[in-house]
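Residue numbers (my numbering): 46 to 154. Ideal placement from N, C-alpha and C gives every residue a C-beta, glycine not left out. Quick caveat, the model's predicted, so the values are computed rather than measured. The structure appears below as structure tokens.
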Amino acid sequence: MIIEQFINEKIIQMSAYISAVCNQTLHYTELDQFIVDTMEEWAYLNVTDETPSTAQERVFWHLMHEVSLNGGQALQQNLFFKIEMNTCIDFFNGIGSYPIDCIGWRPIA
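Here's what the structure looks like:
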């Protein structure tokens, strides 16, 4: 699987997970597990370049890092965090601009 395909698939999944947790139709621990699973899958790709190739990929990694640091539960407890994550999802869906203060880098081994 090439990197671009991996990222595009994960963007769709990440958007669905975050939306479901925000709407309380999915328990936040499912989002946390998605993050862990995605990082494990990423490790198998053996990527050595930390620079994202697109703005969408940069936003994706920003989301991954933010949810990793704050946990999925923060989407239900922290309004600022929820708004920040929804801004990123809007960008993915083409209904918003590039999120302010979005810093996303690929994790490398």
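When the Cα atoms are used, T96 and W150 turn out to be separated by approximately 6 Å. Note that the segment 121-132 does not touch the segment 82-93; fewer than 3 beta-carbon pairs, one per stretch, sit closer than 8 Å. When P152, E111 and E49 are compared, the shortest CA-CA separation from I63 is found for E111.
Straight-line spacing of the CA atoms in I47 and E54 works out to 11 Å. At a Cβ-Cβ threshold of 8 Å, F137 and I52 do not count as neighbours. The C-beta of L114 has fewer than 16 other C-beta atoms within 10 Å across all chains shown, which makes the residue exposed. For L76, the enclosing alpha helix (DSSP H) begins and ends at Y73 to Y89.
Classified as buried, P144 has 16 or more neighbouring CB atoms from the shown chains inside 10 Å of its CB.
In terms of CA proximity to M59, M109 leads the group H72, M109, E49 and C147.
Annotated three-state conformation of T132 is helix, per DSSP. If you ignore the 5 residues before and after L76, its C-beta comes within less than 6 Å of the C-beta of Y62, V66 and G117, all in its own chain and listed in chain order.
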